[in-house]
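In structure tokens:
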């Protein structure tokens, strides 16, 4: 039996198909995954993301610690509540995990890391934190909900006390704020607007039911995966891991070399890679033939072979889409070995879908 | 609980077999199998004339989650694949034992030993 979130019993009651995900028993769908996907693109859906690990980092040198720990620059965080997406690298420039950091104040930052990497992340972070005297606290007392879709924020706001409602609706993109017992952030993993809410574990179930009653559809990890892939958002363990660096994983935008004095872990390795020129690039693919692209399929190009890192059927486009790591000189057309057949695919600009709109012609 | 019609035969790999009035057989995947796969988005049906032994993979069903082979429960040759699945793979979700059939076969010899509905039910329970 895997670990359970505070919402486990509710998922079972709602008829979810439960699967193992990074050691957790999580809902993959509650019926039709495609309907859950469309609900998020067109209206609002709710996901249990309580398996993700919330870590509070406190101490007078917490900003220094984070500038060392992650490849993006926390100097970008100057307004309380603002969030930063980054990778945490090893000395070789490989990705230990991707994470979100919320700046609360100069002695308190909140970090959210992936569920499946929780133990190794904490061990690594504690090791890096020790010289800075930063204390890391795992917030296992919190549940976490992601409410996503064009109508998600309005539906959540209806549940908030009046004094918090306008504040929540005024949150900027990629910013959060503590509102009573809830930490509400305008973040997500779907390509839609919405909130992620960290709240006391016991409050998660009544909030879920209240949102269901307002028409917010329960959505599982299956829809979460098709939504994030349409939005061309990376999934740790599929699209990057400790053997891959952010520059060849479509994550160069999350690495900041701006401050030459900032010696973040992995910087030297990435600088020498930059100097020699990355050999691979990370691309988005649309399958032109019939079939479905999947992770680990071989991409065949005149410049050499590559690999699909994530692939699926896009419910919004009704075509198969994928992310892939391919040779640097790959052109606009590739072929993919799908179960022994070479199928044609086209390199396109990511993302595929954003805010309900298909962006790929 | 998944639906297991009493008049069909089954395999441990979750195919069903219906004997048609002309002696040919129709094959599909069970309600349990479609439920486990989730929404079907692509089906690669076999071409007419393809000869198969018991246990050969003859079709591929792909859901949003994963691809899965469908294995021949019988030895024989394909008479036709279900062309309707090209545009409507979801028929396997909505009518796994009806419009969602995958292929029809001409038997090569007699029908092999297959599971009855009760035996398939017991197999599902044993699989947990």
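Chains as they are written, first to last, in the numbering used here: chain S, 17 to 377; chain E, 126 to 253. The C-beta atom is built at its ideal place from N, Cα and C for all residues, glycine as well.
Residue 17/S, buried or exposed, once every other Cβ within 10 Å from all chains shown has been counted against 16: exposed
Can you tell me whether DSSP reads residue 94/S as helix, strand or coil? coil
Inter-residue spacing [alpha-carbon to alpha-carbon] between residue 328/S and residue 310/S: 6 Å
Give a yes or no on whether the C-beta atoms belonging to residue 163/S and residue 125/S are separated by under 7 Å. Not a contact, by the Cβ cut-off of 7 Å.
According to DSSP, is residue 28/S helix, strand or coil? helix
For residue 368/S, which residues in the same chain have their Cβ closer than 8 Å to its Cβ, ignoring the five residues on either side in sequence? 245, 246, 247, 248, 300, 302, 330, 332, 333, 337, 374, 375, 376
When you compare the region 310 to 322 of chain S with the region 337 to 353 of chain S, are there three or more beta-carbon pairs, one atom per stretch, that lie closer than 8 Å? yes
Leaving out the 5 sequence neighbours to the left and right, which residues in its chain are closer than 6 Å to residue 65/S when beta-carbon positions are compared? 160, 162
Counting along the chain, where does the alpha helix (DSSP H) carrying residue 233/E start and finish? That residue, residue 233/E, is in no alpha helix (DSSP H); it is neither H nor E in DSSP.
Quick check on residue 180/E - is its C-beta less than 7 Å from some C-beta in chain S? no
Express the C-alpha separation of residue 353/S and residue 129/S in angstroms, rounding to a whole number. 33 Å
Give the residues of chain S in contact with residue 163/E, contact being defined as C-beta atoms less than 9 Å apart. By Cβ distance, chain S contributes 33, 44, 45, 48, 49, 50, 238.
Does the region 155 to 163 of chain E touch the region 219 to 226 of chain E, meaning 3 or more C-beta pairs lie closer than 8 Å? yes
From this set, 295/S, 185/S, 217/S, which residue's C-alpha is nearest residue 262/S's C-alpha? 295/S
In chain order, what residues of the region 328 to 340 of chain S put their CB closer than 9 Å to some CB of chain E? 328, 329, 331, 334, 336
Considering only their Cβ atoms, is the gap separating residue 113/S from residue 252/S smaller than 7 Å? Cβ atoms of residue 252/S and residue 113/S: closer than 7 Å.
Closer than 9 Å by beta-carbon distance: list the chain B residues that pair up with residue 259/S, in chain order. Here the protein chains are S and E, and chain B is not one of them.
9 Å Cβ cut-off: residues of chain E touching residue 242/S: 189
Using beta-carbon positions only, say whether residue 80/S and residue 37/S come within less than 7 Å of one another. no
If I measure Cβ to Cβ from residue 95/S and keep anything under 8 Å in the same chain, skipping five residues before and after, which residues do I get? 119, 191
Starting from residue 170/E, find everything on chain S with Cβ-Cβ shorter than 9 Å and list it in chain order. Those within 9 Å of residue 170/E in chain S number zero; the least Cβ separation is about 11 Å.
Endpoints, the alpha helix (DSSP H) within which residue 170/S is located: Segment 168 to 175, the alpha helix (DSSP H) holding residue 170/S.
Within 7 Å of any Cβ in chain S, is that where the Cβ of residue 183/E sits? no
Take residue 177/E and list the residues in its own chain whose beta-carbon comes closer than 6 Å to its own, dropping the five residues that flank it on each side. 183, 197
Relative to the C-alpha of residue 82/S, which residue among 145/S, 169/S, 285/S is closest? If we check each option's Cα against that of residue 82/S, 145/S comes out closest.
Considering only residues of the region 298 to 365 of chain S, which uninterrupted beta strand (DSSP E) runs meet the minimum length of 3 residues and lie entirely inside it, listed in chain order? 314 to 317, 320 to 330, 335 to 343, 349 to 354, 357 to 364
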